[in-house]
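First comes the structure, then the notes that go with it.
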Amino acid sequence: MGWDEGAVFYSDQAQFPRGGDPGEITRHSALRKFKEFLRGFTGPTGDFPYRESLVHNRDHVTVAIEDLDAFDAELADKIRKAPADYLPLFETAGSEVLASLRSKVAGETGEMEEPVTGDVQIFLSSKENCLSMRSIGADYMSKLVKIAGIAIAASRVKAKATHVTLICKNCRTVRTVPCRPGLGGAIVPRSCDHLPQPGEEPCPLDPWIAVPDKSKYVDLQTLKLQENPEDVPTGELPRNVLLSVDRHLVQTIVPGTRLTVVGIYSVFQASANHKGAVGVKQPYIRIVGLEQSRDDNSNGPSNFTLDEEMEFKEFAQRPDAYAKICSMIGPSIYGHSDVKKAIACLLFGGSKKRLPDGVRLRGDIHALLLGDPSTAKSQFLKFVEKTAPIAVYTSGKGSSAAGLTASVTRDSNSREFYLEGGAMVLADGGVVCIDEFDKMRPEDRVAIHEAMEQQTISIAKAGITTVLNSRTSVLAAANPISGRYDDLKTAQDNIDLQTTILSRFDLIFIVKDVRMYEQDKRIANHIIKVHASGAATTSKNMTNEGENWLKRYIEYCRNTCRPRLSEKAAEMLQNKYVEIRQKMRQQSHETGRAAAIPITVRQLEAIIRLSESLAKMRLTSVATPEHIEEAFRLFNVSTVDAARSGINEHLNLSPEIANEIKQAEAQIKRRMGIGSHISERRLLDELNRMGMNESIVRRALVIMHQRDEVEYKRERHVIVRKA
């Protein structure tokens, strides 16, 4: 009577056990309700959004939890509390609804057959507020959570078994075991349930062998999500959490993308080589829905209330809107009105353009503040870091090329390489503030070149070849070569940066600490007031339009407004650019040397970007000649001024001083034969004893150095006379 041995009988009751609380949803009724929801939920306009979506996309559908709430609150609560149990039911319901929606197709024999439908993946989306990564703990285990962050690393795609086929090595019985979703494994039974026949050897313990070819698989990828820089408490390291995505979500995310994810907070056993306590598990989030935020078109004005939009539009119409915005930038910093205007332009940014042949023109504005210590350069950088919607602050000495662009690290568990984005990638769509720009090592500074102009970062390391986006503005602050800006030297000698990097900056400000009695008195008065009152000396009506308001306004302008040049403005721009080039050519003819800061086509683009950002501040869609005028004025007081600055223009020598300098030159030549060298200090002391003024001798040396008659050695301590 061995014919019914080992047979398994199924019935509907076994799959959906009865019993329990009569008011509670059984799995069977849940499945029915899910089907009703997908078939019959009507949107606000009276259409059937989920039914339509299923017909068009046969393998996945995105469900808003708010809709489920409106349809059946208890069902939505179940999904929130026990997503791991109810989501598979939802997906089953999806594929059953899809099968009923599809029309029959003609089979091979010509008869009408039911179409074959695959699995449907359900994505959940939610409008709830995000949880902080630090607040998620054991209370949220196996519940639905929503968090936001930046994807900093993505692994390769792996195959994950959903059903493992096992075969008994003794009696060849085949058995299929389901696998837990996410990073969980399959539970393999210890013994075979085959009853041995008389004379047959019984199956031993652990007889099962997995058959990989016969098992079913889905794609699985793990991501690392780091909390947004603006959410990290001061002085703390940013936390990160492991995410697992499967099926249609695989390979949709590039490192550096900002995400909002909805997922199930679960645990997995860390790898066997970590010998820890048995009960301690690693947490991870199994994603059931994700959206990328802050893309070019997404995250548009929908985030702003109607009142806010009205207020912003009203503000933009005010005649003094530009002046008002500039007064909000660094309110505790005295003076520097042009620098404030430039920083306002940098925060609003120009318009990105895509040409028909696929070339991207950047819309971000880069600025460099170069000058004496204690001229509030770092203060400006700190202000921008607080005000820009996305910002990263780094210091030149403390950042390496890999830290700014991207590094390739090796995963400790799987031993495979993966990419981690650096500061330029994390600030995609925002501003990178780099302090102490001149102290960076030259090889690290080169890493920024591509990010500043092409707005991408290309990487070919450890078998990973890829291109990351870094659409950022760069605001850098640097000191001149000798710590202070020296008017006796030319701009080239003061600015110790290569032309390649200087031409990438749209605006270069030389910030000098000018010693003038009136101005010093006013600055001292301002600083003492700030310290005495313990707050910036701003009027009361500006407190409501403070940093937070400015941040929202910048975000609104960047999202909604994309200005273009008007024809008049374009013509005017063309004439002005040609004029500037002409002046520069004349200057280089007269002085016999090229300008320290070149005026190239990049600078023309810079002026276009500046005028667009000025138009964006007023929420106008066209940049007018007035905007071009202001952009040119800013460009003239910054970059053109910096290119002209230096000894050639500033020394309008009186005849007596010119005569003294000539005498000093003659004495230096008499003192030093051709080819001889002498310490600069000793030369100054000797000529001082002869009754010559030290500053006159220094000027004579600078002029001789320009003529290439002497050169400096050993960090300018030793002077060598050339032929």
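Quick note on the UniProt record's numbering: the sequence shown kicks off at 1 and runs consecutively.
The C-beta atom is built at its ideal place from N, Cα and C for all residues, glycine as well.
Because the structure is a prediction, the values reported are computed rather than measured.
query, result
"Identified DSSP bridge partners for F304", "In DSSP, F304 forms no bridge with anything."
"Among I448, A316, T456 and L346, the one whose alpha carbon lies nearest that of I329", "L346"
"Of the residues R618, E443 and K341, the one placed nearest T405, counting alpha carbons only", "E443"
"DSSP state of N648 mapped onto helix, strand, coil", "Summary for N648: the model assigns pLDDT 45, below 50, so the residue's position carries little reliability; its value from the coordinates is reported in the next sentence. It is helical."
"Chain-order list of residues whose beta-carbon lies under 6 Å from that of A161 (same chain, five-residue window excluded)", "C179, S215 and Y217"
"Boundaries (first-last residue) of the beta strand (DSSP E) holding Q121", "Q121 to S125"
"Residues of its chain near V710, where Cβ-Cβ distance is below 6 Å and the 5 sequence neighbours each way are ignored", "M704, I719 and R721"
"Assigned secondary structure, L573 (DSSP; H/G/I helix, E/B strand, else coil)", "helix"
"Classification of E66 by the beta-carbon crowding that lies within 10 angstroms, buried from 16 upward", "exposed"
"As assigned by DSSP and simplified to three states, the class of E680", "helix"
"Three-way DSSP call (helix, strand, coil) for D435 in this model", "strand"
"Residues near H627 by beta carbon distance below 6 Å, same chain, minus five either side", "S611, L614 and A615"
"Among N129, K568, T600 and C557, the one whose alpha carbon lies nearest that of K583", "T600"
"Whole-angstrom C-beta distance between T260 and S244, which should lie under 8 Å", "Contact flag wrong, Cβ pair sits at about 17 Å."
"Three-state class that DSSP yields for Q226 in the structure shown", "strand"
"Pick from C171, Q197 and G235 that is closest to W208, judged by C-alpha positions", "C171"
"Through-space distance from I510 to L651, alpha-carbon basis", "Because L651 carries a pLDDT of 48, less than 50, the predicted location of this residue cannot be relied on, and the following value inherits that uncertainty. In a straight line, the C-alpha of L651 is about 18 Å away from that of I510."
"Residue burial classification, G199 (beta-carbon count within 10 angstroms, cutoff 16)", "exposed"
"A210 to L475 span [Cα, whole Å]", "58 Å"
"Supposed close pair L468, V425 - CB separation, criterion 8 Å", "5 Å"
"Other residues of its chain near F304: CB distance less than 7 Å, five sequence neighbours each side excluded", "Y556"
"Contacts around G184, its chain only, beta-carbon distance under 8 Å, and the 5 residues preceding and following it disregarded", "S266 and F268"
"Inter-stretch contact at 8 Å, needing at least 3 Cβ pairs: the region 368-381 / the region 654-668", "no"
"Length of the line joining the Cα atoms of N299 and R581", "A caution first: N299 carries a pLDDT of 37, below 50, which makes its placement in the model unreliable, though a value can still be read off. Roughly 42 Å between the two C-alpha positions."
"Beta-bridge partners of P178, as assigned by DSSP", "H163"
"C-beta atoms of A93 and K158 nearer than 7 Å", "no"
"For V63, three-class secondary structure by DSSP", "strand"
"Buried/exposed call for residue 726, threshold 16 Cβ in 10 Å", "The chain is shown from 1 up to 723; residue 726 falls before or after that span and cannot be answered."
"Proximity to L101 [Cα-Cα], best of S135, S53, E660 and E436", "S53"
"Start-to-end residues for the alpha helix (DSSP H) that takes in E86", "Position check: residue 86 holds Tyr in this sequence, whereas Glu was assumed. Residues P83 to L101."
"Straight-line Cα distance separating L237 from E227", "10 Å"
"For E709, three-class secondary structure by DSSP", "coil"
"Given 8 Å, three or more beta-carbon pairs between the region 501-518 and the region 385-398", "no"
"For S351, the three-state DSSP class (helix, strand or coil)", "coil"
"Continuous beta strand (DSSP E) stretch holding K461: start and end", "T456 to K461"
"Touch test, the region 518-533 against the region 350-365, Cβ-Cβ under 8 Å, three pairs minimum", "no"
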